Amino acid sequence: MRFHFLLTNHFRYGCFRIEDICVPIATGLGELGHIVTYGFDDDVPPWPAVNLLVENFNNPAVVDQMARLKAGPQRYCFGVVGHEDIADAAIFDNPSFPDRRRNLERALTLADFGWTIVPCEYGALAGGERMRFLEFGYARSLRHNASLPRDIDVLFYGELGGRRLPLFNALVGRGLKVEASFGLLPAFFVQDLIDRAKIVADIGRADGLRFLTPTRICAALHRGATVMSEQIDRGPLAKLYRYAAPVTIDDFVETAVAVAQSGRAPEIGQKARELFAVETSMAASLLRAMTLPLFAELAAA
Amino acid sequence: MHFHFQLANHYYGGLSQIEDIVTPVVWGLRALGHRVTMGILPQLPNWPSVVLLLEYFAYEPAINSFLAWRSDTSLPRSCVGLICTEDLDDALVMNNPEHPGRRENLLRAFPYCDFVWPIVPSGYDAYVNAERLAFLDYGYIDALRLEGWPTAQRDIDVLFYGSINERRRAVMEGLTARGLNVAATRGALPSYIARNLMGRAKLVLDMKRADPVIYTSPSRICAALQQGATVVSELFDTSRLRFLYDYTEACEFGDIVERCVDLARSPDVVERGLAARERFSRGT
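Chains as they are written, first to last, in this note's numbering: chain A, 82 to 382; chain B, -18 to 265.
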């Protein structure tokens, strides 16, 4: 099958921010023998290609396009990839993105299926019954054996913001070398930072979050970094704590200092990656997320 | 040695557009056994580490903080190299009102650099002493080698590498009118998308952005060659960079459409690029 990421709604700088979402999915689909392409605007292949739309429809243009194409004579297939907690008011009731929730709900009614990488409650929404949880896992093609010396003690993956910045400063105050990806650095830069990091810090951007960030954890694990994740998640994503050391925000600084200074971080990261590789599979997760009758029809087309 | 790319002057939108320039230098130095790091935070390593800057001092705070740092005699010794990617006399770049002061600030920076590496053979020797100036030829790097798609799956006939402006759009429309499937990287796509597009393309088209431009783009040509693309380059550069045409299907502006049509229909279109990459890997 052909899967086509239609990323008009993320052009141009948004495309940099969703790489950790798109690339593991594309890689897993590739390992299953599917073709994956990317496009924008009117580059929307008809059935039996599958158009994948990554959520953030505050601008309604791509949802309007879905509606137009769905109403036309030619058949199209659309899938929505959800990556945020729909109960997170900071995302979906954010005055900077006033139409994000409404347009997601419209998109779900138009889409043929959806995959969500955080297991939140889509079932109550119209079309939500077609959403499937897509568990991020190991993909052999994403494995990267870093040859760089791990000379960064702690890398904060994402924007620093008011919650992470005090932790950043506290670690600097303890004499550690600390870096941040700032949320907007391109992949060639971020990947280099991960390869140099003893510890990748996966700390929530705000209090009260319910879910881990599987994209961030998986990106770091594939590159053999030791991941320390804030202990917040009790749902299906809590499985990731088998590969990412759980830590409370109060204990984070002391734990990070101890691990960074122990000299054991590279070994911990490599062991975690091996366990991740044995116990998870991006390709198998995608197969589980393709259990709708639609995919049998697509495969037969 | 330790080389540290300090890229804060490109944060953040500009960082998305310099991967083709930065990564060959990073991996070329690593291939020589050097340690290379990148950062945007203000802490910079002292001598004997080398701080590498990529030219772009359009804004006063960037140049002023650089000059203040290099002028502060109380600080430990540092070493700075400046990579220059543009033609000093290209008014579209150096006198562009969207980048005020770019040329003037670059000239202010030169005396404070320990060395300068231009990647286009513009008139840098008029401003930098020969003992501090070395031309940096881009060439093949094994670490950046990528594979494209099988021939049968290449559904894009021609991929424009770069932004689309009026000059390039005329060619794009000419190609489309001839029935070719044409796509563009649009100048600022992340590499996971740009590489996907390049992998799907039979031809990668390398055109200059404006008539007055006199130097071809080594970073663009090398990025395409590293992926084994068959590159159609606009033939206009008479400088030392013209050696890159040896690895492309170079032709003049007026012949680009016909050349692309002929090549896209040629059964060996993909093999030509793969053969060019082998020559590139042996010759550079």
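Cβ atoms here follow ideal geometry from the backbone N, Cα and C, with glycine treated the same way. These figures come from a predicted structure and were not determined experimentally.
The criterion of a C-beta distance shorter than 8 Å is satisfied by B/S(-3) and B/A169.
In chain order, G285, L290, R291, F292, L293 place their CB closer than 8 Å to the CB of A/I313, counting only its own chain and leaving out the 5 sequence neighbours on each side.
Out of A/T108, A/F84, A/G163, A/F269, the CA that lies nearest to the CA of A/R181 is found in A/G163. Contact residues of the stretch 115 to 131 of chain A toward chain B are I116, V117, T118, Y119, G120, F121, D124 (C-beta to C-beta distance below 9 Å). Under the 10 Å beta carbon count, A/H85 is surrounded by 16 or more other beta carbons and is classified as buried. Listed along chain A are F270, D273, each with a C-beta nearer than 7 Å to that of B/M19. Taking a beta-carbon distance threshold of 8 Å, A/V104 counts as an interface residue toward chain B.
Between the C-alpha atoms of A/V125 and A/P347 there is a straight-line separation of about 44 Å. Under the DSSP assignment, A/H303 falls in the alpha helix (DSSP H) whose first and last residues are 295 to 303. Along the stretch 2 to 54 of chain B, the alpha helix (DSSP H) occurs as fully enclosed runs of 4 or more residues at 41 to 52, listed in sequence order. Using a CB distance cut-off of 8 Å, A/E136 does not count as an interface residue toward chain B.
DSSP, reduced to helix, strand and coil, places A/P327 within a strand of the structure shown. DSSP, read as helix, strand or coil, puts A/N132 in strand. Between the C-alpha atoms of B/F141 and A/A339 there is a straight-line separation of about 51 Å. Taking C-alpha positions only, B/L69 is separated from B/L35 by approximately 14 Å. In the structure shown, B/L140 falls within a strand segment according to DSSP collapsed to helix, strand and coil. Each residue's CA atom was taken as its position, placing B/L184 and A/A287 some 47 Å apart. In the displayed model, A/H85 falls within a strand according to three-state DSSP. For B/T211, no alpha helix (DSSP H) encloses it; the enclosing beta strand (DSSP E) starts and ends at 211 to 214.
Close to B/E0, with beta-carbon spacing below 7 Å, are these residues of chain A in chain order: P267, F269. Secondary structure at A/K258: coil, using DSSP grouped into helix, strand and coil. In chain order, G20, L22 make up the part of chain B whose C-beta sits under 8 Å from the C-beta of A/E260. Only exposed fits B/T219, as fewer than 16 other CB atoms lie within 10 angstroms of its CB. In the displayed model, A/M212 falls within a strand according to three-state DSSP. Put simply, the backbone Cα of B/R113 is about 21 Å away from that of B/P57. Within the DSSP bridge table, the entry for B/G62 names B/L33, B/F96 as partners.
Non-local beta-carbon contacts of B/V32 in its own chain, meaning distances under 6 Å to residues more than five positions away in sequence, involve H(-15), Q(-13), L25, V61 in chain order. The Cβ of B/I174 sits closer than 8 Å to at least one Cβ of chain A.
DSSP, read as helix, strand or coil, puts A/T108 in helix. The beta carbon of B/S144 sits no closer than 8 Å to any beta carbon of chain A. In this structure A/A337 touches A/A282 by the C-beta definition: roughly 7 Å separates them, less than 8 Å. Look at B/L161 here: in three-state DSSP terms it is coil, with no helix or strand label. Counting along the chain, the unbroken alpha helix (DSSP H) around B/Y173 starts and ends at 172 to 181. When only Cα atoms are considered, B/P92 and B/V109 end up about 8 Å apart.
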